[in-house]
Amino acid sequence: MSAKLAYQKPSITLPEIPPEIWIEILRQATDVPDSLEHPQLLITKRYIVRVCREWYAIGMPFLYEHVSITRPRHVHQLSETLSKTMTRGEVNEPLAFGCFVKRLDLTAAALDSVVWSDEGCGTSLRQVLDLTPNLVTLNMPSTSSLLRQIEQIPRAVIPGLRNLNWTSTGTSSKSGYQVFQTEFLDSHPHIENMNLISLYPAPHFEDKYSHMWPSIRRLNCPSRMMEETRWQFSFPNLEDAYFFVGFNGFDRLDSFCVAHGRLLKVIHLNDYKLWGSSDMTQGFLSLRDWCPMLEEINFTSPHSCVIPSQAVASTVTHQGIHTVGFHASTRQLSKQKAKDFLQDIITWAQSPATPNARTLRLISEENILHLQSKHAKLFNTFLKDCVSRSAIVVDNFRRPLYPKNDEL
């Protein structure tokens, strides 16, 4: 036998599985959290579609579901790429690659140095959005020049847009605040999730007319924005709110709950290191009185501490809350800090403040991985303690976390 035949690789024969099933398999194989934090997701997708010709043909629509623009030249190149067509399945129906795009990320690194003009990237970007009629999620930096280009886009360009995330660029207007434009929101009435939490300094609203956005179900915003929502902006169907609070954050929280608490089911409070027991009690009173449908409250600490349930007066109770979530922004925890972190979490399970809370949620994958790798025994003991208290621990995707069997 010749050396060529001896080392010849056998051909790969894929089982007869419908393309839709293969796409779901490929999607599960690259299922990681938000690719803004885990960019390896897109790299893995590229590797997968290069395995063989069959996977390449099947995976191209899957590959183009999520597009990220990280360099200025990508803005120009992408419109040309998305306009190309391919045949899919047995119907041989020609479809442009842009029809497969469901999420588009524009990074500040790619766009900060761009000089926007009708002949430049502004036109290219509008062409990209014209070529992505099925776009659902748009993440873009909050440069005022980019927003001016966005505002020129006709209403029908992104008819299915549901998620809008403005990311911080570090630039600000002369007044010291980011300029928040409302025209884009007004022209896209189906947006359900809006994230302004990364804008720093807090956004400044130049438009003094009142606006109502009934489609928005989830809102992430700084506490300063809460002041203006009292009289300028209305979200009558808001169900999920996330915002920063500080020294006077609870005054804003109270007014926000009065205005938008009727349908609120989830609230996420960030930066609560300054709160005292009286502050927490005041906050829970607002949640109890104005948020009758509240089911979940999440806390994010800028350090490793978690506020214990004892910070709320024992006479203040919210019967509706069944899930309490936690996130420590500190990436590394010493053994003692990890112990304190977990002990404070478990105090919320069926506490006087939340007597029906039987689900404890760790909303940071980074926290979970750190605890599992650096404090495995401590974390496993915590999980066993939760089981003994009839409490369920879940991750950010609400998947249960169980203690290891070999340590039970």
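No gaps in the numbering here: position 238 of the sequence shown is 244 in our numbering, and each next residue is one more.
For each residue, glycine too, the CB sits at the ideal point set by N, CA and C.
From a predicted model like this one, the values you see are computed outputs, not experimental measurements.
Integer Cβ distance of residue i from residue j, believed to fall under 8 angstroms
| i | j | result |
| --- | --- | --- |
| Arg367 | Gly331 | 4 angstroms |
| Arg33 | His72 | At roughly 10 angstroms, the Cβ-Cβ gap does not stay under 8 angstroms, so Arg33 and His72 are not in contact. |
| His324 | Arg294 | 5 angstroms |
| Thr329 | Glu371 | In fact, because the Cβ distance is near 17 angstroms, the residues do not count as touching under 8 angstroms. |
| Leu101 | Ile75 | Going by Cβ atoms, the distance from Leu101 to Ile75 rounds to 21 angstroms, so no, they are not a contact pair. |
| Phe420 | Asn276 | Any property of residue 420 remains undetermined from this structure, which presents the chain solely from 7 to 414. |
Pairwise C-alpha distance: residue j and residue i
| i | j | result |
| --- | --- | --- |
| Pro358 | Met286 | 13 angstroms |
| Ile273 | Glu22 | 47 angstroms |
| Ala355 | Ala344 | 18 angstroms |
| Gln349 | Phe388 | 8 angstroms |
| Thr91 | Gly104 | 9 angstroms |
| Gly289 | Arg337 | 28 angstroms |
| Leu291 | Ile27 | 50 angstroms |
| Ser216 | Ile222 | 16 angstroms |
| Leu269 | Asp246 | 9 angstroms |
| Phe241 | Pro220 | 6 angstroms |
| Leu135 | Pro406 | 39 angstroms |
| Tyr248 | Asp260 | 14 angstroms |
| Lys380 | Leu339 | 9 angstroms |
| Lys390 | Ile164 | 48 angstroms |
| Leu42 | Thr321 | The predicted model places Leu42 with a pLDDT of 48, which falls under 50 and marks its position as unreliable, so this point remains unresolved. |
| Asp401 | Ser315 | 20 angstroms |
| Phe305 | Lys51 | 34 angstroms |
Under 8 angstroms between C-beta atoms of residue i and residue j
| i | j | result |
| --- | --- | --- |
| Ile303 | Ile327 | yes |
| Ser89 | Leu137 | yes |
| Gly65 | Ile49 | no |
| Tyr70 | Val107 | yes |
Own chain residues within Cβ distance below 7 angstroms of residue i, not counting five before or after
| i | result |
| --- | --- |
| Val393 | Pro409 |
| Pro361 | Thr323 and Gln325 |
| Gln378 | Phe385 |
| Lys383 | none |
| Ser396 | Arg364 |
| Ile244 | Just to set this straight, residue 244 is Leu in the shown sequence, not Ile. So the qualifying residues of the chain are Ile222, Arg223, Leu225, His266, Leu269 and Leu270. |
Contacts around residue i, its chain only, beta-carbon distance under 8 angstroms, and the 5 residues preceding and following it disregarded
| i | result |
| --- | --- |
| Gly166 | Pro139, Asn140, Leu141, Val142 and His196 |
| Lys180 | Residue confidence for Lys180 is low, a pLDDT of 45 falling below 50, so the modelled location carries little weight; the figure read from the coordinates is stated next. Excluding residues within five positions, none has a Cβ falling inside 8 angstroms. |
| Arg168 | Val142, Thr143, His196, Ile197, Glu198 and Asn199 |
| His309 | Lys279, Ala334, Ser335 and Thr336 |
| Met299 | Arg268, Leu269, Leu270, Lys271 and Gly326 |
Close-in-space but distant-in-sequence residues of the same chain around residue i (CB under 6 angstroms, 5 per side omitted)
| i | result |
| --- | --- |
| Asn201 | Asn171 and Asn226 |
| Gln133 | Ser85 |
| Phe68 | Ile29 and Leu32 |
| Val312 | Phe332, Phe347, Asp350 and Ile351 |
| Ser418 | Because the chain spans 7 through 414 in this model, residue 418 falls outside it and cannot be assessed. |
| Val264 | Trp296 |
| Ala319 | Thr287 |
| Pro39 | Any reading at Pro39 is ruled out, since the residue's pLDDT is 48, under 50, leaving its predicted position unreliable. |
Closer than 8 angstroms to chain B by CB, residue i
| i | result |
| --- | --- |
| Thr323 | Note that chain B does not occur in the displayed structure, where there is just one protein chain. |
In chain order, which continuous runs of the beta strand (DSSP E) of length 3 or greater are located wholly inside the stretch 327 to 394? The stretch 327 to 394 contains these whole beta strand (DSSP E) runs: 329 to 334 and 365 to 368.
Legend entry - Every unbroken alpha helix (DSSP H) inside the stretch 56 to 93 [4 residues or more]: Fully enclosed alpha helix (DSSP H) runs of no fewer than 4 residues occupy 59 to 69 and 78 to 88 of the stretch 56 to 93, in order along the chain.
For this session: Could you tell me which uninterrupted alpha helix (DSSP H) segments, each at least 4 residues in length, are contained entirely in the stretch 280 to 313, listed from first to last along the chain?
Result: Every alpha helix (DSSP H) of 4 residues or more that sits fully in the stretch 280 to 313 is shown, in chain order, as 283 to 296.
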